[in-house]
Amino acid sequence: MIDIKLVRENPNEVKKGIAAKGFDPDTVDDVLALDAKRRKLIGELEELRAKRNEIAKAGKVSAEGKAVKEAIKAREPELAKTEEELGRTIAQIPNLPSKDAPVGKNEKENVEVRKWGTPRKFDFTPKDHLELGKALGILDFDTGAKVAGSQFYFLYREGALMELALVRYAFDLLAREGFVPVITPDVAKSRYYLGTGYMPRGNEAQTYTLEGEDLGLIATAEVTLAGKHADEVIPEGNLPFKYIGYSHCFRQEAGAYGKYSKGLYRVHEFTKAEMFVYCAPEESEHMHQLLLSMEEKIYQGLGLPYRVLEMCTGDLGAMAARKFDIEAWMPTRGEYGEVTSTSNCTDYQARNLNIRVRRKGGAVGYLHMLNGTAIATSRTPLAILENYQNADGSVNIPEALQPYMGLKVIKRE
RNA sequence: GGAGGGUUGGCUGAGCGGUUCAAAGCGACGGUCUCGAAAACCGUUCUCCCAUUCGGGAGGCACAGGUUCGAAUCCUGUACCCUCCGCCA
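The first sequence runs 0 to 412 under numbering that gives the first Met the number 0.
Structure representation (structure tokens):
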């Protein structure tokens, strides 16, 4: 949620930020009107309550007291309704983009920050990961579809081992950097998936919900790691908290079909190691760069050529003030494809989940929250299979994973 | 799944229908003292609304309803935590 005070005091700046993100700036006027209405109702109601308190002091049954009670009861629903409406409306205002975020309408205007590595030139026609995985007997979408539906898959043998190796590789690397390894639940209550911005309904619905329960399958450990400290006030001296979380991730991907959606690029369930940071506001920009540098370290370690993109304002989404993606080279696509994303959500999620910091001076305020992909074990194996393939259909294992897998190449005799 | 017990400001913890407009302690912050610090002493330390200078008012005791002139306190429902039993990886 955005700071209502910011909307009141600086409506034009808020409108500008909203418009840059491609959201409707008129929402600001709706919020201001509802806020004014709310304050007027509070004034009236408080006057009545003061009267009630005065009458109650007399300490006896009174007809006037009864009348005031009825008047209060009659007015309270209108305030409740206004506040509910205000809450719903203000939730539609996204986090404002950072001043550093490049202005742009959509993903076409994202800015390439840098490139690392050189895409390999093949002296044979490279196969895509589906063909490679099937021939090697390590990746099986057919059985996934049979048992769970389309866009689910089974992993076998080295495919299964590679997933575990990738997770372990990322966990070991990040634990050395001071991130606390965490395994979280794969489900969370609605408050947490909604508070982190994952909707179960609508055009871009992500979250699967459990029938008859206030629970949803998480789309990322960001949800559970953000929920971990909900309603807490954390002493400044204890920050930052840096976590590397493991979870399965479930996504409806409603309406997300395109030419690159096949195979491991877009699936309903995958495993992910996700970084998550809580820090003081003035530290968040630095932490964001730290998360990005961790991601680059991971992909450099895997020897996958990549480029870093900074999202323009129009492609930031509601939560992020600033966001970087890493795109790894995907040979059969002939271009780079997203494998990580790191967002600085500033105080926006913290306000949703009521997570605050107690400053050294004694003041209390919302802290900043950031997330970043370490390894998604769907898209990263995709990139490994395609980049490390040999003419005979075997696939080399990146050096960094060899100790975890105990082999150097995946091949079938 | 069954039976009990519990949930109070940053923390510990009183209160169990009207001198409590949530006691007390701890911690934190400001001040006095000091060359400086510690100790001691004084003050501040939930949220919202109005005045925005002194201040005034309302709400808040897990959450949502209800009873009452008056609810942290009584009633109903829900969530979570603890103990025991059952079932089970």
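Built from N, CA and C at the ideal position, the CB exists for glycine as well.
In whole angstroms, what is the alpha-carbon distance linking residue i and residue j?
{"i": "Ile54", "j": "Leu40", "result": "21 Å"}
{"i": "Gly143", "j": "Cys278", "result": "40 Å"}
{"i": "Gln348", "j": "Ser97", "result": "15 Å"}
{"i": "Tyr197", "j": "Tyr207", "result": "10 Å"}
{"i": "Ala413", "j": "Lys59", "result": "Beyond the ends of the chain as shown, which are 0 and 412, falls residue 413; an answer cannot be given."}
{"i": "Phe249", "j": "Arg378", "result": "14 Å"}
{"i": "Val266", "j": "Phe151", "result": "6 Å"}
{"i": "Ser340", "j": "Lys322", "result": "7 Å"}
{"i": "Leu5", "j": "Asn353", "result": "17 Å"}
{"i": "Asp409", "j": "Phe140", "result": "It is Ile, not Asp, that sits at residue 409 in the sequence shown. About 19 Å."}
{"i": "Cys344", "j": "Tyr245", "result": "20 Å"}
{"i": "Val356", "j": "Leu384", "result": "44 Å"}
{"i": "Gln401", "j": "Ala19", "result": "46 Å"}
{"i": "Ile3", "j": "Ile89", "result": "8 Å"}
{"i": "Ser370", "j": "Ser342", "result": "Looking at the sequence provided, one finds Asn at residue 370 rather than Ser. If you take the alpha carbons of Asn370 and Ser342, they lie about 5 Å apart."}
What residue range is occupied by the uninterrupted beta strand (DSSP E) comprising residue i?
{"i": "Lys188", "result": "Val186 to Lys188"}
{"i": "Tyr305", "result": "Tyr305 to Glu309"}
{"i": "Arg113", "result": "Val110 to Trp115"}
{"i": "Val181", "result": "Val179 to Ile182"}
Checking the sheet assignment: what are the DSSP bridge partners for residue i?
{"i": "Arg321", "result": "Asn343"}
{"i": "Arg355", "result": "Val232 and Tyr365"}
{"i": "Val102", "result": "According to DSSP, Val102 bridges with nothing at all."}
{"i": "Ala327", "result": "Tyr305 and Gly336"}
If you run the structure through DSSP and keep just helix, strand and coil, what is residue i?
{"i": "Leu373", "result": "Looking at the sequence provided, one finds Ala at residue 373 rather than Leu. Strand at Ala373."}
{"i": "Gln388", "result": "strand"}
{"i": "Tyr197", "result": "coil"}
{"i": "Asp23", "result": "coil"}
{"i": "Val60", "result": "coil"}
{"i": "Asp127", "result": "coil"}
{"i": "Tyr152", "result": "coil"}
{"i": "Asn395", "result": "strand"}
{"i": "Thr206", "result": "coil"}
{"i": "Ile383", "result": "helix"}
{"i": "Ile92", "result": "coil"}
{"i": "Ile137", "result": "coil"}
Would you give the residue range spanned by the alpha helix (DSSP H) that residue i belongs to?
{"i": "Val13", "result": "Pro10 to Lys20"}
{"i": "Val363", "result": "Here Val363 belongs to no alpha helix (DSSP H); instead the beta strand (DSSP E) covers Val363 to Tyr365."}
{"i": "Val166", "result": "Arg156 to Arg175"}
{"i": "Lys145", "result": "Phe140 to Val146"}
{"i": "Met0", "result": "Per DSSP, Met0 belongs to no alpha helix (DSSP H) and is neither H nor E."}
{"i": "Pro402", "result": "Gln401 to Met404"}
Requested in this report: Please specify which runs of the alpha helix (DSSP H), each continuous and at least 4 residues long, are wholly inside the stretch 210–285, giving them in chain order.
Outcome: 220–226
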